[in-house]
Amino acid sequence: MMCRRTMVAPLCAASALTYALLAAGSLDASPQAGNAASPDGSRTRARVERLASEAFGGREAGSDGERLAAAFIADELARIGARPLPGRRDMFVPFEFTAGSRDGKTAIVITSASGPAAGRRFDNQQVDALSFSESAKDISGPAVFAGYGIVVPESQTFGYDSYAGLDVKDKIVVLLRYFPEDADPAAKAILVRYSDLRYKAQAARQRGARGVVVITGPRSPNAGRTVPLGSDTAAAGSAISAVSVTGDVANLLFTGTRSLDEVQKELDSGNPHVAGFALPLTISLTTDVILEKGTARNVVAYLPATPSASGVAKPWVVVGAHYDHLGRGTHGNSLAGGNEVGRAHPGADDNASGTAAVLGIADALAKQPRRRNVVLALWSAEEIGLVGSAKFIAQPPVPVPDIAAYLNYDMVGRMQDNKLTIQATGTSPAWASLLERANVAAGFDVVLQEDPYQPTDVASFNLAGVPSLSFTTGAHVDYHKPSDTADKIAYDDLDRIAALGATIVERLLAQDQPPAFVKVEQSSQTAGRTGIRVFTGTIPDYASTAKGLLLSGVIGGGPAEQAGLTKGDVLIEIAGQSITNIYDYTYALELLKVGTPVKVVYMRGSERRETMMTPGARR
Ligand SMILES: [Zn+2]
Numbered sequence: 007m008m009c010r011r012t013m014v015a016p017l018c019a020a021s022a023l024t025y026a027l028l029a030a031g032s033l034d035a036s037p038q039a040g041n042a043a044s045p046d047g048s049r050t051r052a053r054v055e056r057l058a059s060e061a062f063g064g065r066e067a068g069s070d071g072e073r074l075a076a077a078f079i080a081d082e083l084a085r086i087g088a089r090p091l092p093g094r095r096d097m098f099v100p101f102e103f104t105a106g107s108r109d110g111k112t113a114i115v116i117t118s119a120s121g122p123a124a125g126r127r128f129d130n131q132q133v134d135a136l137s138f139s140e141s142a143k144d145i146s147g148p149a150v151f152a153g154y155g156i157v158v159p160e161s162q163t164f165g166y167d168s169y170a171g172l173d174v175k176d177k178i179v180v181l182l183r184y185f186p187e188d189a190d191p192a193a194k195a196i197l198v199r200y201s202d203l204r205y206k207a208q209a210a211r212q213r214g215a216r217g218v219v220v221i222t223g224p225r226s227p228n229a230g231r232t233v234p235l236g237s238d239t240a241a242a243g244s245a246i247s248a249v250s251v252t253g254d255v256a257n258l259l260f261t262g263t264r265s266l267d268e269v270q271k272e273l274d275s276g277n278p279h280v281a282g283f284a285l286p287l288t289i290s291l292t293t294d295v296i297l298e299k300g301t302a303r304n305v306v307a308y309l310p311a312t313p314s315a316s317g318v319a320k321p322w323v324v325v326g327a328h329y330d331h332l333g334r335g336t337h338g339n340s341l342a343g344g345n346e347v348g349r350a351h352p353g354a355d356d357n358a359s360g361t362a363a364v365l366g367i368a369d370a371l372a373k374q375p376r377r378r379n380v381v382l383a384l385w386s387a388e389e390i391g392l393v394g395s396a397k398f399i400a401q402p403p404v405p406v407p408d409i410a411a412y413l414n415y416d417m418v419g420r421m422q423d424n425k426l427t428i429q430a431t432g433t434s435p436a437w438a439s440l441l442e443r444a445n446v447a448a449g450f451d452v453v454l455q456e457d458p459y460q461p462t463d464v465a466s467f468n469l470a471g472v473p474s475l476s477f478t479t480g481a482h483v484d485y486h487k488p489s490d491t492a493d494k495i496a497y498d499d500l501d502r503i504a505a506l507g508a509t510i511v512e513r514l515l516a517q518d519q520p521p522a523f524v525k526v527e528q529s530s531q532t533a534g535r536t537g538i539r540v541f542t543g544t545i546p547d548y549a550s551t552a553k554g555l556l557l558s559g560v561i562g563g564g565p566a567e568q569a570g571l572t573k574g575d576v577l578i579e580i581a582g583q584s585i586t587n588i589y590d591y592t593y594a595l596e597l598l599k600v601g602t603p604v605k606v607v608y609m610r611g612s613e614r615r616e617t618m619m620t621p622g623a624r625r
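Residue numbers (the numbering used here): 7 to 625.
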């Protein structure tokens, strides 16, 4: 499952669930590949153990481990009886992707000033290009400080324009990261929406600025630090040179004026009339962003219809899962802490389990008559932005309108209390009854979620108009950590999930009418949000439909645990903001301040309780 900044942000910030391990570990120390079921009868165990083994090194997209895993999967598919797609020699579909960005020779020079700042040049240690920056040489101009650099559109009823009365044409804009720290919650709620750095850079460029220098103010989280270059490079460049600098450089930029601390304090009130001002110096920027390209491979095969699908409406069904994971966690999204840092992330649940489920479904379908063709697709580069499935949709090997349905498996190995979450059910009116009938024999406690805008490959198919389902058993303490190991997988349940999948696909293959597609409107609440800065140590239960935010756990030693919160509590109010769902919660988190205690109201059973919680800082 991909870790994204929007809806799963609390999950990405968190993780830790204190429950007993569900499955005893295998004593077989040498997991073997192969179609044969394990001694305990599980079909999925050997495959998960192999995919999660050290040999595959965490299966990072574009890595040797990913290629080995792809070869293993292709062997398994061939053994099952699947074939390369029509017109293809093998099952590998390579594609190029942007693995991340790193800083090259970015530098800032203070070209004219009086005093200690004059002629100072800074590079790697003290300045970093922003990942969306243009690469350019010697972009220079007079420096202007534009406060937080926030422009709230006029359509909002709240007026705030950091550029009011400020001329930044052909100048270098210096601005603060984040948003006014002390604004009242209602104002903050608006300001936070326009505080994304990409948005700020765009606002500066539209006003004619030649470059942007971002500083993380002394009163903000991550004070004095540069902004790390992320793997978030999917979107195009911003057409402006933009860097972030350390606190030392920032202080130099303010020599001859008031101190940065004083300036920020004044802005932090959120008063829209606090203006920026010219800085008494000229800046020259050189920005150098190096995009790292990689080649990853989807593994795609199919089980042809028997005897042929001619004359059948929408003759293809696709069943998929991503097989890539985080490697050693060096490219972001890892939640490894302490001595786990740098170790291989086996991804047994994420997503060897889903890969094994797809292979298990293929096992079952291979032995049956099929009125439609079944594509078996194992995606790569999911963890860095659903790239593999998006490439499939962009260059589909079969016409997308001919695809009757897509079934996705992502993290299906950690079943608890027989609970299986099925997402994207809003994509077709056919799903509810089909699932109900298919589940009669399986007997899962199914939680249906209509929303197809999930941080997993189902999103790619939904956007292409394909009726889709995505199966998951949810997040857990080992999510995106080296401790997501094969001994913790609930293999019996994973086998059952594969069996249910086979039943669903059998029904799809047999019925004359393919499911109709319905477009689910994307709630504005799931649309883009800026980064959450605080850490609370809560683990939301994403499958819950209860009013409020049900906690599936808290992180040991984290702010939530220290506040006395525990698994099963339902948060209904934080810092005066009422919480009815995960989106409210995400929204409320944006308004919290690191180190400032807030009141939390929650239900424990039928009892309403209150506590104080002090958020910490996220990295
Ligand atoms: Zn993941």
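Ideal placement from N, C-alpha and C gives every residue a C-beta, glycine not left out. Only a predicted model underlies this, so the values are computations on that prediction, with no experimental measurement involved.
Secondary structure within the region 58-99: the alpha helix (DSSP H) runs of 4 or more consecutive residues, fully enclosed, are 70-86 (chain order). The beta carbon of E389 sits closer than 6 Å to at least one heavy atom of ligand 1.
When DSSP reads this structure, L297 sits in a beta bridge with S107. With a cut-off of 6 Å, the C-beta of M7 is classified as near ligand 1, since at least one heavy atom of the ligand falls inside that distance.
Taking each of I196, L556, G282 and Q270 in turn and checking the Cα distance to R225, the smallest one comes out for Q270. A contact between stretches requires three or more CB pairs, one per stretch, nearer than 8 Å, and the region 211-231 fails this requirement with the region 294-307. Per DSSP, S250 lies in no alpha helix (DSSP H); the unbroken beta strand (DSSP E) holding it starts and ends at S247 to V251. A distance below 7 Å separates the beta carbons of P458 and A430. Taking the Cβ of D356 as the reference point, at least one heavy atom of ligand 1 falls within a distance shorter than 6 Å. In this structure, R376 keeps its C-beta atom at 7 Å or more from the C-beta atom of V318. With fewer than 16 other Cβ atoms inside 10 Å of its own Cβ, T586 counts as exposed.
Boundaries of the alpha helix (DSSP H) harbouring F398: V393 to A400, taken from the DSSP string. For a cut-off of 8 Å, the C-beta gap from F98 to R303 is around 5 Å, short enough to register as a contact.
Under the three-state reduction of DSSP, S386 is assigned to coil, being neither helix nor strand. Looking at G333, S69 and Y412, the one whose alpha-carbon comes closest to that of H351 is G333. Per DSSP, R225 lies in no beta strand (DSSP E) segment and is marked neither H nor E.
Boundaries of the alpha helix (DSSP H) around A438: W437 to A448. Under the three-state reduction of DSSP output, F467 falls in the helix class. Residue pairing by DSSP places G559 opposite I545 in a beta bridge. Excluding the 5 residues flanking it on each side, K194 has same chain C-beta neighbours closer than 6 Å at L597, in chain order.
Counting every other CB atom within 10 Å of its CB across the protein chains shown gives H486 a total of 16 or more, marking it as buried. Collapsing the DSSP output to three states places S359 in a helix. Contiguous alpha helix (DSSP H) elements confined to the region 270-346 do not occur, taking only those with 4 or more residues. Around the beta carbon of K320, a 10 Å sphere encloses 16 or more other beta carbons of the protein chains shown; the residue is thus reported as buried. In terms of Cα proximity to D70, the closest of H331, S558, I367 and A362 is H331. For Y308, the closest C-alpha among the options P148, L371 and K605 is that of L371. In this structure, the straight-line span from the alpha carbon of R349 to that of S275 is close to 44 Å. Secondary structure in the region 456-516: the alpha helix (DSSP H) runs of 4 residues or longer, each lying completely within the stretch, are 464-469 and 497-516 in chain order.
Taking C-beta separations shorter than 8 Å and ignoring five residues to either side along the sequence, the partners of L258 in its chain run I116, P122, A123 and R126, following chain order. In the three-state scheme derived from DSSP, where H, G and I count as helix and E and B as strand, K605 is classed as strand.
In the DSSP assignment, A430 falls outside any alpha helix (DSSP H), carrying neither H nor E. Under the three-state reduction of DSSP output, P122 falls in the helix class.
Counting only runs that start and end inside the region 138-214, the beta strand (DSSP E) elements of at least 3 residues fall at 142-151 and 178-182. Contact between the region 131-144 and the region 173-185 is absent: fewer than three C-beta pairs spanning the two stretches fall below 8 Å. A distance of 7 Å or more separates the beta carbons of L291 and I79.
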